[in-house]
Amino acid sequence: MAEYRLHCFRESGNAFKVAMMLDLCGADWEPVFVPFGTGLTRTPQWRAEVNPMGEAPVLEHGAERLSQSGVILDYLAGQTGRFGARDAAHGREIWRWILFDNHKFTSYYSMLRFQYGIQKTGETPVTEFLRGRVRAAWSVAEARLRECEFITGSEPTIADLSMAGYHYYDEATGIDRAAEFPAIERWAARIAALPGWRPPAVAMSQRGL
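Residue 198 in this note's numbering sits at position 198 of the sequence shown, with consecutive numbering throughout.
Here it is in structure tokens:
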């Protein structure tokens with residue numbers, strides 16, 4: 001059995017955040033398939049045996065069982081010594097961006113992608129609202145990434161991996177990312193150029209997902 005086991009599915013950018021970290025750290029890990037769209041994570045059995053919050057990803061490491069991608073990334077940074085904080089002030093800056101990501105940068109984009117790109121709802125008042133919120137949140141990161149290569153400076157951290165989780169999927173969202181957010185596009189390419197990086201379909205599918 002691998003040292004780390006990640007309950008995940010390849011459609012999930014939140015799961016990919018963790019898979020990306022494991023790959024970039026060269027960790028010994030294996031995916032545990034969670035069937036997408038079946039409602040498994042919300043069943044009483046899943047909540048009792050895997051995650052009472054009813055969500056994936058979930059990371060197993062020895063006696064530890066962790067959920068919430070930001071918490072998992074922080075744990076892995078401590079375990080591997082990679083992509084973590086230089087000092088306390090840098091740690092607060094990392095968490096400032098992870099919280100921004102969870103509340104705005106990823107959350108609105110993932111909902112827009114699911115409705116418009118996966119469920120194919122077409123344009124609705126909800127997708128119009130979400131797209132506006134995406135553009136507002138991404139504009140903040142775009143301005144930051146015009147100034148530096150990575151979100152907290154010159155080196156990548158778990159804040160970058162958290163924010164980049166949904167950037168490597170190609171479902172339609174009604175946003176031309178390359179045209180509207182070129183600094184974010186360049187940043188995502190820098191992350192994808194890091195040694196060990198693999199796209200979601202490979203990282204979470206190669207071994208049976």
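For each residue, glycine too, the CB sits at the ideal point set by N, CA and C.
Point to revise | Backbone secondary structure at HIS76 - three-state DSSP | key: Your numbering for residue 76 matches position 76 in the sequence shown. The identity of residue 76 in the sequence shown is Leu, whereas the question assumes His. Reduced to three states, the DSSP call for LEU76 is helix.
Point to revise | Per DSSP, cross-strand counterpart(s) of HIS7 | key: By 1-based counting over the sequence shown, the position of residue 7 is 7. In DSSP, HIS7 forms a bridge with VAL32, VAL58.
Check your understanding: Going straight from the alpha carbon of PRO182 to that of LEU145, what length do you get?
Key -> In the sequence shown, the residue the question calls residue 182 occupies position 182. In the sequence shown, the residue the question calls residue 145 occupies position 145. Cα to Cα, the separation comes out at about 9 angstroms.
**Study point:** As assigned by DSSP and simplified to three states, the class of GLY13
**Key:** By one-based count along the sequence shown, residue 13 stands at place 13. In the structure shown, GLY13 sits in a helix (DSSP, three-state: H, G or I).
Point to revise | Local Cβ density within 10 Å of ALA85, reported as buried at 16 or more and exposed below that | key: Numbered from 1 along the sequence shown, position 85 holds the residue referred to as residue 85. So ALA85 ends up on the buried side.
**Study point:** Cβ pair GLY174, ARG131 closer than 8 angstroms
**Key:** Position 174 of the sequence shown holds residue 174. Position 131 of the sequence shown holds residue 131. The Cβ atoms of GLY174 and ARG131 lie closer than 8 angstroms to each other.
Check your understanding: What do you get for ARG96, buried or exposed, if any count of 16 or more other CB atoms within 10 angstroms of its CB means buried?
Key -> The residue labelled residue 96 in the question sits at position 96 within the sequence shown. Exposed: under 16 other Cβ atoms inside 10 Å.
Exercise for review: Please list, in chain order, all residues of the same chain as GLU142 whose beta carbon is under 7 angstroms from its beta carbon, the five residues on each side excluded.
Suggested key: Counted from its first residue, the sequence shown places residue 142 at position 142. For GLU142, where only same-chain residues beyond five positions count, the Cβ hits under 7 angstroms are PHE181, ALA183, ILE184.
Point to revise | C-alpha distance - LEU221 paired with PRO125, whole-angstrom precision | key: Given that the chain is displayed from residue 1 to residue 209, the structure contains no residue 221 and the question cannot be resolved.
**Study point:** Inter-residue Cα distance where the pair is MET163 and THR38
**Key:** The residue labelled residue 163 in the question sits at position 163 within the sequence shown. The residue labelled residue 38 in the question sits at position 38 within the sequence shown. So the alpha carbons of these two residues sit roughly 26 angstroms apart.
Check your understanding: Skipping 5 residues on each side, what residues in its chain have a beta carbon closer than 7 angstroms to that of ASN102?
Key -> In the sequence shown, the residue the question calls residue 102 occupies position 102. Counting only Cβ-Cβ distances below 7 angstroms, and skipping sequence neighbours, we find GLY70.
Review point. What are the partner residues of GLY153, as DSSP defines its beta bridges?
Key: If you number the sequence shown from 1, residue 153 lands on position 153. Bridge partners of GLY153: PHE150.
Exercise for review: Compute the distance between the beta-carbons of PRO57 and CYS8, then report whether it is under 8 angstroms.
Suggested key: Here residue 57 refers to the residue found at position 57 when the sequence shown is read from its first residue. Here residue 8 refers to the residue found at position 8 when the sequence shown is read from its first residue. For PRO57 and CYS8, yes; Cβs fall inside 8 angstroms.
Exercise for review: Could you give the DSSP three-state label for ARG65: helix, strand or coil?
Suggested key: As a position in the sequence shown, residue 65 is number 65, starting the count at 1. The answer is strand: DSSP assigns ARG65 an E or B state.
Check your understanding: From GLU149 to GLU155, what does the alpha carbon distance come to, in whole angstroms?
Key -> The count along the sequence shown starts at 1 and reaches residue 149 at position 149. The count along the sequence shown starts at 1 and reaches residue 155 at position 155. If I take the Cα positions, the gap works out to 7 angstroms.
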